[in-house]
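Let me begin by presenting the structure, written as structure tokens, before commenting on it.
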Amino acid sequence: MDDAKPLNVLFLCTHNSARSILAEALLNHMGRGKFKAFSAGSSPRDNQKPNPMAIATLDKAGVPTDGLTSKSWDVFATPDAPHMDLVITVCDNAAGEVCPYWPGQPATAHWGYPDPSETVGTDTEKLEAFKQTLHQIKRRLEIFTSLPITNLSKMALEKTAQRTGEKMIHWRRYFSELVGTAALLCAVIGSGIMAEQLAGGNMAVALLANTLATVFALYVLIETLGPISGAHFNPVVSMVLAFRKDLARHHLIGYVVAQLIGAALGAWAAHAMFELEILQWSTKVRTGPAQWFAEAVATGGLIFVILRSPAGKASAIVACYIGAAYWFTASTSFANPAAAFGRMFTDTFAGIAPFDVPAFVVAQIVGGFMGLLLHSAFKV
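Numbering (my numbering), first residue to last: 159 to 538.
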């Protein structure tokens, strides 16, 4: 490719109204003359107007919006159209559609993002969803624009574009899940140890202290790590989102492994802080139909709350739900296979005997998908 010419990049989305518009404007803003971005769709919106919230989000971020329109991808399939070097789909629907023949046979890649225009809630909540999508696209483009793209062959360009985010960004997501789950388990177990030491045998006071610490930690962790990985910290959450295609299914194993490793590390970190034996097994028996049912209810409610939370409010709503579920469930609401896994490594207030963990996990998975069904029943 000629270094003197900018690299032409076409972003595709079904309606060319939100995600592709955000990507086009951002790349033109960030490209520093190395890139020229365009966008189009298979079924563009009427009147050639992008989603007003996409324009408002770009304006607020200081990104120029002049000349942005919704248009058919057929515009770029004609012989006299600008020849594209790279075509990137930014929605799963567009990725699965049969594209026109592009002059010059450009490299292709897929960068999937949830559609912010489908957000249910107030205008403020919808704008927050657009802001989050813009932030995700920007992170990816920061990596993409820093690479020596113009010197690559078509095959190398295609691989580089696809890997931007597949490895560089998704490894950050896995690490975010590991750190977040470790911090959450450290808070749960560490506060349980402190509460048990200070409560003088009063189990109600100990549970209250444990609850408050968990609620505060969960809120902070979702707020700080949510923009990176979604702040699942829970294999059932990741499973349900992968089932809904909100999380790419080939990333599910990475999320779950990171969460399990993080849970064990969190337990050991709590022990280290309180000068306890680092490696230990729980002897605390938690079993029986009532506790299994409680875990199904707790996890089902958690998934329902996550899926129904308005944009920008999930951190507070989820933290409040878990705080309440500590008290209205017989199991004190583990609601999380990673939490059950991590808590079997501690013979303290928050522990669970290893033999009791499998039944908890089964109940949590069943409850999680029941929560998904309940959410689906309320969809309009």
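Positions of the beta carbon are idealized from the N, C-alpha and C atoms, including for glycine. Note that the structure is a prediction, hence the values are computed from the model and not measured.
With three or more C-beta pairs closer than 8 Å as the rule, is the segment 474 to 485 touching the segment 365 to 382?
Short answer: they touch.
Counting along the chain, where does the beta strand (DSSP E) carrying S197 start and finish?
By 1-based counting over the sequence shown, the position of residue 197 is 39. Segment 193 to 198, the beta strand (DSSP E) holding S197.
May I have the straight-line CA-CA distance separating V346 from H173, to the nearest angstrom?
As a working mapping, residue 346 is identified with position 188 in the sequence shown. As a working mapping, residue 173 is identified with position 15 in the sequence shown. So the alpha carbons of these two residues sit roughly 45 Å apart.
Does the beta-carbon distance from I461 to V395 come in below 8 Å?
For the purposes of this step, residue 461 is identified with residue 303 of the sequence shown, where counting begins at 1. For the purposes of this step, residue 395 is identified with residue 237 of the sequence shown, where counting begins at 1. Closer than 8 Å, so yes.
Give the C-beta separation of L551 and G458 to the nearest angstrom, bearing in mind that I take them to be a contact with Cβ-Cβ under 8 Å.
Any answer about residue 551 is impossible in this case: the structure gives the chain only from 159 up to 538.
Taking the C-alpha atoms as reference points, what is the distance between S201 and A314?
Reading the sequence shown from its first residue, position 43 is the one you call residue 201. Reading the sequence shown from its first residue, position 156 is the one you call residue 314. Distance between the alpha carbons of S201 and A314: 30 Å.
Apart from the five residues just before and just after F451, which ones in its own chain have a Cβ nearer than 6 Å to its Cβ?
Here residue 451 corresponds to residue number 293 of the sequence shown, with the count starting at 1. Cβ neighbours of F451 beyond the five flanking positions: none.
Do you know how far the Cα of L405 is from the Cα of T277?
Residue 277 sits at position 119 when you count from the first residue of the sequence shown. Residue 405 sits at position 247 when you count from the first residue of the sequence shown. In a straight line, the C-alpha of T277 is about 16 Å away from that of L405.
Measuring straight from C-alpha to C-alpha, what distance separates N166 and E300?
What you label residue 166 is simply residue 8 of the sequence shown in a count that begins at 1. What you label residue 300 is simply residue 142 of the sequence shown in a count that begins at 1. Computed Cα separation, rounded: 17 Å.
Determine the closest residue to I386 out of I295, G358, A421, I411, with distance taken between C-alpha atoms.
Start at 1 with the first residue of the sequence shown, and residue 386 comes out as number 228. Residue I295 is the option with its Cα nearest to I386.
Do V337 and G420 have their CB atoms nearer than 8 Å?
In the sequence shown, counting from the first residue as 1, residue 337 sits at position 179. In the sequence shown, counting from the first residue as 1, residue 420 sits at position 262. A contact, by the Cβ cut-off of 8 Å.
Quick one: residues in its chain with C-beta nearer than 8 Å to the C-beta of F518, no 5 flanking neighbours on either side, listed in chain order?
Position 360 of the sequence shown, counted from the start, is the residue given in the question as residue 518. Closer than 8 Å at Cβ, skipping near neighbours: R444, Q449, W450, E453, S489, F492, P495, A498, I510.
Distance, Cα to Cα, M397 vs N368?
Locating residue 397 in the sequence shown gives position 239, counting from the first residue. Locating residue 368 in the sequence shown gives position 210, counting from the first residue. Near 27 Å, if we compare the C-alpha coordinates of N368 and M397.
Same chain, Cβ closer than 6 Å to D160, neighbours up to 5 away in sequence not counted
For the purposes of this step, residue 160 is taken as the residue at position 2 of the sequence shown. For D160, the predicted model reports a pLDDT of 45, less than 50, meaning its position is unreliable and no value from the coordinates is stated.
Might you give, ordered along the chain, the residues of its own chain that have their beta carbon closer than 6 Å to the beta carbon of A195, omitting 5 neighbours on each side?
Here the question's residue 195 lines up with position 37 in the sequence shown. Contacts found: V167, E182, L185, N186.
Do S473 and G384 have their C-beta atoms within less than 8 Å of each other?
Here residue 473 corresponds to residue number 315 of the sequence shown, with the count starting at 1. Here residue 384 corresponds to residue number 226 of the sequence shown, with the count starting at 1. Cβ distance < 8 Å, so S473 and G384 count as in contact.
Which class does I246 belong to by DSSP, given the choice of helix, strand or coil?
Walking along the sequence shown from the start, residue 246 turns up at place 88. It is a strand residue.
Where T277 sits in the DSSP three-state scheme:
As a position in the sequence shown, residue 277 is number 119, starting the count at 1. If DSSP states are grouped into helix, strand and coil, T277 belongs with coil.
Three-way DSSP call (helix, strand, coil) for V167 in this model
For the purposes of this step, residue 167 is taken as residue 9 along the sequence shown, with counting starting at 1. V167 carries a strand assignment under DSSP once its states are collapsed to helix, strand and coil.
Where D160 sits in the DSSP three-state scheme:
Position 2 of the sequence shown holds residue 160. With a pLDDT of 45 at D160, under the threshold of 50, the modelled position of this residue cannot be trusted; read the value that follows with caution. It is coil, neither helix nor strand.
Bridge partners of S230, per DSSP?
As a first step, residue 230 is located in the sequence shown; it is residue number 72 there, counting from the start. Looking at the DSSP assignment, S230 forms a beta bridge with G199.
Spatial neighbours of L180 in its chain, beta-carbon cut-off 8 Å, leaving aside the 5 residues before and after:
Counting from one through the sequence shown, the residue named residue 180 turns up at place 22. Counting only Cβ-Cβ distances below 8 Å, and skipping sequence neighbours, we find A212, T215, L216, F288, T291, L292, I295.
Helix, strand or coil: how does DSSP classify H293 here?
Numbered from its first residue, the sequence shown carries residue 293 at position 135. H293 falls in the helix class under three-state DSSP.
Using 10 angstroms around the beta-carbon of T282, count the other beta-carbons present and answer buried if the total reaches 16, otherwise exposed.
Position 124 of the sequence shown, counting from 1, holds the residue named residue 282. By the 10 Å Cβ count, T282 comes out exposed.
Tell me which residues share the same chain as A353 and place their Cβ nearer than 6 Å to its Cβ, disregarding the 5 neighbours each side in the sequence.
As a position in the sequence shown, residue 353 is number 195, starting the count at 1. For A353, where only same-chain residues beyond five positions count, the Cβ hits under 6 Å are A364, A367, N368.
By how many angstroms is the C-alpha of P237 removed from the C-alpha of E381?
Position 223 of the sequence shown, counting from 1, holds the residue named residue 381. Position 79 of the sequence shown, counting from 1, holds the residue named residue 237. C-alpha separation (whole angstroms): 48 Å.
Is the beta carbon of G199 sitting closer than 8 Å to the one on L170?
As a position in the sequence shown, residue 199 is number 41, starting the count at 1. As a position in the sequence shown, residue 170 is number 12, starting the count at 1. Taking a C-beta distance under 8 Å as the contact criterion, G199 and L170 qualify as a contact pair.
Inspect the beta-carbon positions of I351 and F507 and report whether they are closer than 8 Å.
As a first step, residue 351 is located in the sequence shown; it is residue number 193 there, counting from the start. As a first step, residue 507 is located in the sequence shown; it is residue number 349 there, counting from the start. Yes, these two residues count as a Cβ contact at 8 Å.
Three-state secondary structure (DSSP) of T457:
Counted from its first residue, the sequence shown places residue 457 at position 299. Three-state result, T457: helix.
So what does A267 bridge to, in DSSP terms?
Counting from 1 along the sequence shown, the entry for residue 267 is found at position 109. Per DSSP, I246.
To the nearest angstrom, how far is the alpha carbon of A400 from that of G358?
The sequence position of residue 400 within the sequence shown is 242, counting from 1. The sequence position of residue 358 within the sequence shown is 200, counting from 1. Their backbone Cα atoms lie some 44 Å apart in a straight line.
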